[in-house]
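For reference, the structure discussed in these notes is given below.
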Amino acid sequence: MKTKKRKVVGIGLTAILAITMLSGCGGNNNKNEGAAPSESSPVTTEQTPSGEEVTLKILFPGDPPKDLDAVSAAVATKMKADGLNIKLNYTFVPWDTYWNKQSLIVAGGEDFDLTWSHIANLPSSVAKNILLPLDEYLDSDGQQLKESTPDYVWKGAKIGGKIYAIPRVVPVAQNNDTFQIRGDLRKKYNLPEIKTVEDFEKYLEAVKVNEPTMIPLGINTTGLGREYLPSYYANGDLFNSFFYIDVTQQPLTFKNLYESEAFANLVNKAHEWYNKGYTPKDPIAAKEDFGKGKTAAIASNLFRPTETIDGLVASVPGAEIEFVQFQSDKPKYIFNSVDNLMAVFSTSKHPREAVQFMNWFHSNEENYNLISLGVEGINYKLDGNSASYDGIANDKQYLPISWAWTDMRYAKFSKNITPAQLDVIKNWDNGAVKTDLIGFSVDSEPVKNELAKVTAIVKEYQVQLYSGLVEYSSVKEKLLKRLKDAGIDKVLNEYQKQLDAYLSEQK
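Counting from 21, one number per residue, gives the positions in the sequence shown under our numbering.
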C-alpha cells in the first residue's frame, strides 16, 4: 500500500520518465557466493542445505524501518526452522535516486538479489536487462506463489511472454479514481451519503461555510476521473498521463488526453470549485493535511484511507473516513492486473533463494505477519483481525514498505476501518471487466526523446489544471501546440503500433 510520501503511482503502461542521479546508499557490502544460472541451467527443488547460509541483498527506496535488525534476525530464525538457511541484508536509498541505483547495480555487476519495482518501470527495466526472468524458479520453488496468484495477474507481470516480477494481489479496478472525506463531518451537517458530484459539492460547501479553518478539498481533483472518464485508461494515474484509451471503443486507440472533451469538462469543474473556494488559493504552497484534520477531502485511491485513518483519529478523536467513487453503478475496468512488484536482479547470485524467500512468506499468515509487521508483542499487537500499536514503543513500531508485497489473504488493517469499508476493499474487483489491455506494456525507447519533451510540458500544467487555477480554454491552444511540436503524435503512433501488435498476438 502506498502513501503520498512514498510516491507510488497507479498502474501504468509507460516507464517512469525522469532519470535521476545517484547519491549514496546505506547498508553494508557483504558479498554473496555462487553464480547466477543461465536460462538453460537446471533447477532443483531441494531447499537450501542447512550448512550453506545464503544472504539475500535487498534494495528498497526510502528509509529503513525501525527495529529492522531485530526483525530480520527473527525472520532468519523462523526461515531456518522451516528449512531455509537464508538471511536478509537491506539497503535503502533515497526515492530520487532509486531507479538509477538499480541501473548502476547491474552495470557494476553488484550482487544484489531482490528489489521493489512497479509496472510503470517494468518495460524499461527489462529492456535494460536489470531484471531476471523468473519462470523456471517459480516452477521449481514458487508453488505457493503460483497457486495464490490468478493467471490474469501473472499476465500483467510478463514481458515477451516471460514473468519478470512477483506481483502483489490487490484490487486493481480503477482504484485511483476516488476521493476520501470526513464521514463525521458529513453526518454532523446531516448530509446524505455521497454518491454523486452534486452530493460532493454540498459537502464541500458545508465545510467551507461551517469550518473556516479547514480546506474543503486538497489540490488534486483526479477523483473526478470516474465522473468524466469512466471508461478511460489514462496511464493508471490521471494526474501524470498525457494519453487515454477508451476501452468501450473498438479498435482500442491511443489518443491525446488534452484534446478530449472529457478532460476539458474535468478541469473546468476543478476551476469552478477553485472559484467557489473549495480548493486552496495557493496550491503550490498548500499541504494536504487530511491526516491532521486540516483538509476535509482529498483525491485518493482504494487503500489510502487505510493508511491515513490512524493518524487522523489520533489528531481528531472521533474522526471517520468515508470512501467516495462516483458512478459506482457503472462497470469498473481492469486495465492492468498489477502495480507494485518484487523482482530479482539479473546480476543476482541467488535467484532461486530469492524466490524461495518470497514463496515462504506468502505461504502462511504467520510468515506474512513476521515480514510485514514484525514480531507480535514487540513490534505490534493483534487486535482481532487488525494490527494495533497501542502500548508499543515508538522505536519498536516496525513499518516496512509492506505495500510492495501486499497479500489480501493475510493483510491487516486498522481497527478504525469499519467492517463495511473492509468489505468494499476486499470485494472491489468483483464483477470488474477484464480488458484486453491486461499484459500490455510499451517500450518507450524508440520515442524516448519525444517522450521526455512531452512529459516536461505536461508537468508544467499538471498543478494549475487539476487544482483549477485556470479555465481550460485559456491554455488549451498553447498547450496542444507545444505538445504537438514536442512530438506527442509520434509517441502516440509508436504506442499504437505496439498495441496493435500485442492485440494481434493475443488473437
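Virtual Cβ for every residue (Gly too), placed ideally from N, Cα, C.
Q.
Under DSSP, the alpha helix (DSSP H) around A101 begins and ends at which residues?
A. Here residue 101 is taken as the residue at index 81 of the sequence shown, counted from 1. That run of the alpha helix (DSSP H) goes L88 to A101.
**Q.** For W136, the first and last residue of its enclosing beta strand (DSSP E)
**A.** The count along the sequence shown starts at 1 and reaches residue 136 at position 116. Note, W136: beta strand (DSSP E), L134 to H138.
Q: Determine the closest residue to T89 out of S422, G394 and Y400, with distance taken between C-alpha atoms.
A: Counting from one through the sequence shown, the residue named residue 89 turns up at place 69. Checking the sequence, you will find Asp at residue 89 rather than Thr. Of S422, G394 and Y400, the smallest CA-CA separation from D89 is found for G394.
Q) When DSSP labels each residue in this structure, what does N379 get in the three-state scheme? A) The residue you call residue 379 lines up with position 359 of the sequence shown. Note: N379 maps to helix in three-state DSSP.
**Q.** Same chain, Cβ closer than 7 Å to N436, neighbours up to 5 away in sequence not counted
**A.** If you number the sequence shown from 1, residue 436 lands on position 416. I329, D330 and V333, listed in sequence order.
Q) Which of helix, strand or coil does DSSP assign to F346? A) Residue numbering aside, residue 346 sits at position 326 when the sequence shown is read from its first letter. F346: coil per DSSP, three-state reduction.
Q: Assign S529 to one of two classes, buried (16 or more other C-beta atoms within 10 Å of its C-beta) or exposed (fewer than that).
A: The requested residue 529 does not occur in the structure, where the chain is confined to residues 21 to 527.
Q | Bridge partners - Q200, DSSP secondary structure assignment | A | Taking the first residue of the sequence shown as position 1, residue 200 is located at position 180. Q200 is bridged to I318 and F343.
Q.
For the region 304-324 against the region 333-347, do three or more pairs of beta-carbon atoms, one drawn from each stretch, fall closer than 8 Å, so that the two count as touching?
A. yes
**Q.** 7 Å Cβ shell around T326 - same chain, five flanking residues per side excluded
**A.** Translated into positions along the sequence shown, residue 326 becomes position 306. Take T326, set aside five residues on each side of it, and the residues of its chain with a beta-carbon closer than 7 Å to its own are M21, F433, S434 and I437, in chain order.
(Q) Count Cβ pairs between the region 167-175 and the region 352-359 that sit closer than 8 Å; are there 3 or more? (A) yes
Q | K148 versus Y515: straight-line alpha-carbon distance, rounded | A | Translated into positions along the sequence shown, residue 148 becomes position 128. Translated into positions along the sequence shown, residue 515 becomes position 495. Rounded to whole angstroms, K148 to Y515 spans 19 Å at the Cα level.
Q) What are the boundary residues of the alpha helix (DSSP H) that Y172 is part of? A) Reading the sequence shown from its first residue, position 152 is the one you call residue 172. It spans D171 to G176 - the alpha helix (DSSP H) in which Y172 sits, taken as one unbroken run.
Q: Spatial neighbours of K215 within its chain, please: CB distance less than 6 Å, with the 5 preceding and 5 following residues excluded, ordered by chain position.
A: Here residue 215 is taken as the residue at index 195 of the sequence shown, counted from 1. Taken in chain order, the list of residues that qualify is empty.
Q.
Helix, strand or coil, according to DSSP, for E396 in the structure here?
A. Looking up residue 396 in the sequence shown gives position 376. The answer is strand: DSSP assigns E396 an E or B state.
Q | Contacts around M428, its chain only, beta-carbon distance under 7 Å, and the 5 residues preceding and following it disregarded | A | On the sequence shown, residue 428 is found 408 positions in, with the first residue counted as 1. Only V189, V190 and K446 meet the Cβ criterion.
Q | Option nearest D443 by Cα separation, candidates Y294, V126, F343 and I150 | A | The count along the sequence shown starts at 1 and reaches residue 443 at position 423. Residue F343 is the option with its Cα nearest to D443.
**Q.** Pairwise C-alpha distance: Y264 and V227
**A.** One-based indexing of the sequence shown puts residue 227 at position 207. One-based indexing of the sequence shown puts residue 264 at position 244. Roughly 34 Å between the two C-alpha positions.
Q: For the alpha helix (DSSP H) containing V229, list its first residue and its last residue.
A: Taking the sequence shown and counting its residues from 1, one reaches residue 229 at position 209. For V229, the enclosing alpha helix (DSSP H) starts and ends at V217 to N230.
Q: Output the boundary residues of the beta strand (DSSP E) element that contains V467.
A: Position 447 of the sequence shown, counting from 1, holds the residue named residue 467. Here V467 belongs to no beta strand (DSSP E), and DSSP marks it neither H nor E.
Q) What is the rounded straight-line gap between the Cα of G54 and the Cα of A101? A) As a working note, residue 54 is residue 34 in the sequence shown. As a working note, residue 101 is residue 81 in the sequence shown. Annotation note: pLDDT 30 at G54 (below 50); position unreliable, no value reported.
Q. In this structure, does DSSP put P236 in helix, strand or coil?
A. By 1-based counting over the sequence shown, the position of residue 236 is 216. In the structure shown, P236 sits in coil (DSSP, three-state: anything other than H, G, I, E or B).
Q) Does the distance from the C-beta atom of P303 to that of V453 stay below 7 Å? A) Position 283 of the sequence shown holds residue 303. Position 433 of the sequence shown holds residue 453. Contact flag unset, no.
(Q) What does the alpha-carbon distance come out to for the pair L512 and L503? (A) Here residue 512 is taken as the residue at index 492 of the sequence shown, counted from 1. Here residue 503 is taken as the residue at index 483 of the sequence shown, counted from 1. If you take the alpha carbons of L512 and L503, they lie about 11 Å apart.
Q: May I have the straight-line CA-CA distance separating L244 from K107, to the nearest angstrom?
A: Counting from one through the sequence shown, the residue named residue 244 turns up at place 224. Counting from one through the sequence shown, the residue named residue 107 turns up at place 87. Those two C-alpha atoms are separated by around 46 Å.
Q) Considering only C-alpha positions, which residue in the set F381, F460 and P271 is nearest to G591? A) The displayed coordinates of the chain run from 21 to 527. Any statement about residue 591 would go beyond what the structure contains.
Q: Could you check what DSSP says for K166 in three-state terms: helix, strand or coil?
A: Against the sequence shown, residue 166 aligns to sequence position 146. It is helical.
Q. Which whole-angstrom value describes the C-beta separation of N399 and D87, a residue pair presumed to lie in contact below a C-beta threshold of 8 Å?
A. Position 379 of the sequence shown holds residue 399. Position 67 of the sequence shown holds residue 87. Contact between N399 and D87 holds, since their C-beta atoms are separated by about 6 Å, short of 8 Å.
Q. Expressed to the nearest angstrom, what Euclidean distance is found between the alpha-carbon atoms of L211 and Y223?
A. Position 191 of the sequence shown, counted from the first residue, corresponds to residue 211. Position 203 of the sequence shown, counted from the first residue, corresponds to residue 223. If I take the Cα positions, the gap works out to 7 Å.
Q. Mind checking K479: buried by the 16 CB within 10 Å criterion, or exposed?
A. Residue 479 sits at position 459 when you count from the first residue of the sequence shown. With fewer than 16 other Cβ atoms within 10 Å, it is exposed.
Q) Near E491, what residues of its chain come up, given a Cβ to Cβ distance below 6 Å and the 5 sequence neighbours on each side ignored? A) For this step, residue 491 is matched to residue 471 along the sequence shown. Closer than 6 Å at the Cβ level, and outside the excluded window around E491, lie H291.
Q) When you compare only the Cα positions, how much space is there between A440 and E525? A) Mapped onto the sequence shown, residue 440 falls at position 420. Mapped onto the sequence shown, residue 525 falls at position 505. Each residue's Cα considered, the two are about 42 Å apart.
Q) Does the separation of the CB atoms of F132 and F112 fall below 7 Å? A) Along the sequence shown, read from residue 1 onward, the residue named residue 132 stands at position 112. Along the sequence shown, read from residue 1 onward, the residue named residue 112 stands at position 92. In this structure, F112 does not lie closer than 7 Å to F132 by Cβ.
Q) Taking the alpha helix (DSSP H) that P325 falls in, what are its first and last residues? A) By one-based count along the sequence shown, residue 325 stands at place 305. R324 to S335 is the span of the alpha helix (DSSP H), which, as asked, contains P325.
Q: Return helix, strand or coil for F310, following the three-state DSSP convention.
A: Counted from its first residue, the sequence shown places residue 310 at position 290. Here F310 sits in helix by DSSP.
Q) Less than 7 Å separating the beta-carbons of L237 and Y298? A) For the purposes of this step, residue 237 is taken as the residue at position 217 of the sequence shown. For the purposes of this step, residue 298 is taken as the residue at position 278 of the sequence shown. Yes, these two residues count as a Cβ contact at 7 Å.
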